[in-house]
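>
2 protein chains.
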Amino acid sequence: MADPGLRERKKQATRQLISNVATGLFALRGFEDVTVAEIAEAAGVSKMTVFNYFPRKEDLFLDRHADRLRELTEVVRDRPAGTSPVAALRRHQHELLAAGHPLSGAITGGSGFWWVLNSSPALKARWYEQEREIADAFAEVFTEETGDALRSRLVAGLLTTAITTVFAHAMGRIVAGDAPETVRREQVAVIDQAFDLAEHGVGAFPAALE
Amino acid sequence: MADPGLRERKKQATRQLISNVATGLFALRGFEDVTVAEIAEAAGVSKMTVFNYFPRKEDLFLDRHADRLRELTEVVRDRPAGTSPVAALRRHQHELLAAGHPLSGAITGGSGFWWVLNSSPALKARWYEQEREIADAFAEVFTEETGDALRSRLVAGLLTTAITTVFAHAMGRIVAGDAPETVRREQVAVIDQAFDLAEHGVGAFPAALE
DNA sequence: CGAGAAACTTTTACCGAGTCAAACTTTATG
DNA sequence: CATAAAGTTTGACTCGGTAAAAGTTTCTCG
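Chains as they are written, first to last, in the working numbering: chain A, 1 to 210; chain B, 1001 to 1210.
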């Protein structure tokens, strides 16, 4: 770990190169119109090598998932004693926002990301799958803690919904052209609304029909 | 509509035949190990025809989605005046269960369905995508009613989580070998637990660490 | 340092999903 | 009954993804 070694360094460099090349091409022409063969050629590498690093084409674009999953899992698992998962996650979302982190959704460059994501149903499907993986990870943590698998999965689902909706909301506004600064400012309330809802329930929303 | 006509009848018959053949093969050998060409041949039809009826291979197995989506949307949109979406959906789940409907999850033959579904990541991904479509449909209804897109999407997500988790829970028990009658009896409480959670929130679950 | 093992890459060949266009067959219509 | 319209088939093709074997590069250890 301390000394990466030449081999490991080269691997990381190759991986990064492929990812960068791919991201660039996707940003220009969308996901489907770029073939893996083309990415390989542009990166000066064989098609097989691309698949060595990224098992699915979708992973070329959504390559931060593993990090995100780990981070969120840690936030929940290693939360301070006496803190509920809702509180821990709420706090974490506020921190991401304050730090201007891409995963807050309220970030300038997000527009391109969202466009590419929506340029392909397959890519969006993978994105949803990753959200599901987050929910599953939460559920596992809760089940370990409580032994109540059903309730764990329910709570995990609700919390994941809050997180992903908050993100999508910010992204949507950025893409719609709202000023990032404005979105960022107003995201604070959005986060609280989402987690309040998860914490206290939807009640009778929406108001009953006439 | 009243008179289908020979043409239309033949189309429906062909569609049904393909679907049946496919389902049978999937049940025997799983999703991935059956090719579309094989299904076409077994149904006495060309590969192209299969794709005429089912745009994606996954749709050969998950061909009830459109019905489910329509039904759930109607439950929410056409709920009785004065009834909240939570109440309407809760009631609907109880009805499915009482009627022994497959979508209650507590059904004898469900085991095969679940096995096939889990035999393929691609298939599961499509399943999740369909759940997302349900959430989107709910969100659209709520947004029309209230104009509050953010809250609508949040609530839609929470409700969808309740529905899908309830279903998955029952399926899981059936597959685990629990007697369908037992599962069915105990599902009543499961449904209520899920919708209570959506209605009143997760609070501080799980109890603080230590 | 140098030889051999281990890890990574490339090549080649292949399979299956899905698309397209053109030819062909069946049902509908006047 | 003729002809249009709808549906099906054929064949060729693209692209994502896998497998195996051979070729390189880095590592390791005497």
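Ideal Cβ placement from N, Cα and C applies to all residues, glycine included.
Leaving out five residues on either side along the sequence, give the residues of the same chain with a beta carbon under 6 Å from the beta carbon of A291 (chain A).
It is not possible to answer for residue 291 (chain A), since the shown part of chain A is limited to 1 through 210.
> Under 9 Å between C-beta atoms, does A1179 (chain B) make it to chain A?
no
> Answer with yes or no whether the minimum CB distance from D1059 (chain B) to chain A is below 9 Å.
Chain A contact via Cβ: absent.
> Quick check on the DSSP output: what are the complete beta strand (DSSP E) runs of length 3 or more inside the segment 1155 to 1195 of chain B, in order along the chain?
Taking only runs of at least 3 residues, no beta strand (DSSP E) segment lies wholly in the segment 1155 to 1195 of chain B.
> Along the chain, where does the alpha helix (DSSP H) containing G1005 (chain B) start, and where does it finish?
1005 to 1029
> Classify K10 (chain A) as buried or exposed, calling it buried when 16 or more other Cβ atoms lie within 10 Å of its own Cβ.
exposed
> Does DSSP put L1062 (chain B) in a helix, in a strand, or in coil?
coil
> Run through DSSP, which three-state label would H101 (chain A) get?
coil
> To the nearest angstrom, how far is the alpha carbon of K1124 (chain B) from that of F1061 (chain B)?
Rounded to the nearest angstrom, the two C-alpha atoms are 11 Å apart.
> Taking all protein chains shown into account, do 16 or more other C-beta atoms lie within 10 angstroms of the C-beta of T1160 (chain B), making it buried, or fewer, making it exposed?
buried
> For the segment 1067 to 1076 of chain B and the segment 1036 to 1045 of chain B, state whether three or more C-beta atom pairs, one from each stretch, are separated by less than 8 Å.
Segments in contact, no.
> Residues of chain B with a CB under 9 Å from the CB of Q193 (chain A): which are they?
In chain order, L1150, R1151, L1154 make up the part of chain B whose C-beta sits under 9 Å from the C-beta of Q193 (chain A).
> Suppose the cutoff is 6 Å on Cβ atoms and the five residues either side in sequence are ignored; what does the same chain contact list for F1054 (chain B) look like?
Apart from sequence neighbours up to five positions away, the residues of its chain that approach F1054 (chain B) with a beta-carbon distance below 6 Å are L1060, ordered along the chain.
> What three-state label does DSSP hand R70 (chain A) in the structure shown?
helix
> The alpha helix (DSSP H) spanning D33 (chain A) covers which residue range?
Neither: D33 (chain A) is in no alpha helix (DSSP H) and is coded neither H nor E.
> So which residues of chain A does V1190 (chain B) contact, with C-beta pairs closer than 8 Å?
In chain order: L150.
> Mind checking if G201 (chain A) is an interface residue toward chain B, Cβ cutoff 9 Å exclusive?
yes
> Compare the C-beta of T1182 (chain B) against all C-beta atoms of chain A and say whether one is closer than 9 Å.
no
> Using a Cβ distance threshold of 8 Å, determine whether the segment 196 to 203 of chain A contacts the segment 126 to 136 of chain A, with at least three qualifying pairs required.
With a cut-off of 8 Å, the segment 126 to 136 of chain A and the segment 196 to 203 of chain A do not count as touching, because too few Cβ pairs lie within range.
> Measuring CB atoms only, is the segment 1166 to 1180 of chain B touching the segment 1108 to 1119 of chain B, in the sense that at least three cross pairs come out at less than 8 Å?
In short, these stretches touch, since the Cβ pair count reaches three.
> Could you tell me which chain A residues have their CB closer than 7 Å to the CB of E1129 (chain B), listed as they occur along the chain?
A125, Y128
> Would you say R132 (chain A) lies against chain B (beta-carbon separation less than 9 Å)?
yes
> Spatial neighbours of V1036 (chain B) within its chain, please: C-beta separation below 7 Å, excluding the five flanking residues on both sides.
K1047, V1050, K1057
> Taking the alpha carbon of Q193 (chain A) as the reference point, which residue from A:I163, A:P180, A:D178, A:E181 has its own alpha carbon closest?
A:I163
> Excluding the 5 residues preceding and the 5 following P206 (chain A) in the sequence, name in chain order all residues of the same chain whose CB lies nearer than 6 Å to its CB.
There are no such residues.
> Judging by CA-CA distance, which residue of B:W1114, B:I1191, B:E1008, B:H1101 is the nearest neighbour of G1030 (chain B)?
Out of B:W1114, B:I1191, B:E1008, B:H1101, B:W1114 has the C-alpha closest to the C-alpha of G1030 (chain B).
> How about T73 (chain A): is its C-beta nearer than 9 Å to some C-beta of chain B?
no
> Measure the C-alpha to C-alpha separation of M1001 (chain B) and F26 (chain A) and round it to an integer number of angstroms.
With a pLDDT of only 40 at M1001 (chain B), under 50, the local geometry of the prediction cannot be trusted, and no value is derived from it.
> A1099 (chain B): which of B:R1185, B:Q1012, B:G1005 sits nearest, CA to CA?
B:R1185
> To the nearest angstrom, how far is the alpha carbon of A1088 (chain B) from that of T1014 (chain B)?
So the two alpha carbons sit approximately 37 Å from each other.
> If we count the other Cβ atoms within 10 Å of its Cβ and call it buried at 16 or more, is L1150 (chain B) buried or exposed?
buried
> Interface residues of chain B around H65 (chain A) at Cβ under 8 Å?
Neighbours of H65 (chain A) on chain B: none; closest Cβ ~14 Å, over 8 Å.
> With distances taken Cα to Cα, identify the nearest neighbour of E1095 (chain B) among B:A1081, B:V1075, B:E1038, B:S1084.
Of B:A1081, B:V1075, B:E1038, B:S1084, the residue nearest in Cα terms is B:V1075.
> DSSP on F142 (chain A), reduced to helix/strand/coil?
helix
> So, helix, strand or coil for A106 (chain A), using DSSP?
DSSP places A106 (chain A) in the coil class of the three-state scheme, outside both helix and strand.
> Let me confirm a value: P101 (chain A) is counted as buried when at least 16 other C-beta atoms fall within 10 Å, else exposed. Which label applies?
The sequence shown places His at residue 101 (chain A), rather than the Pro named in the question. Per the 10 Å Cβ criterion, exposed.
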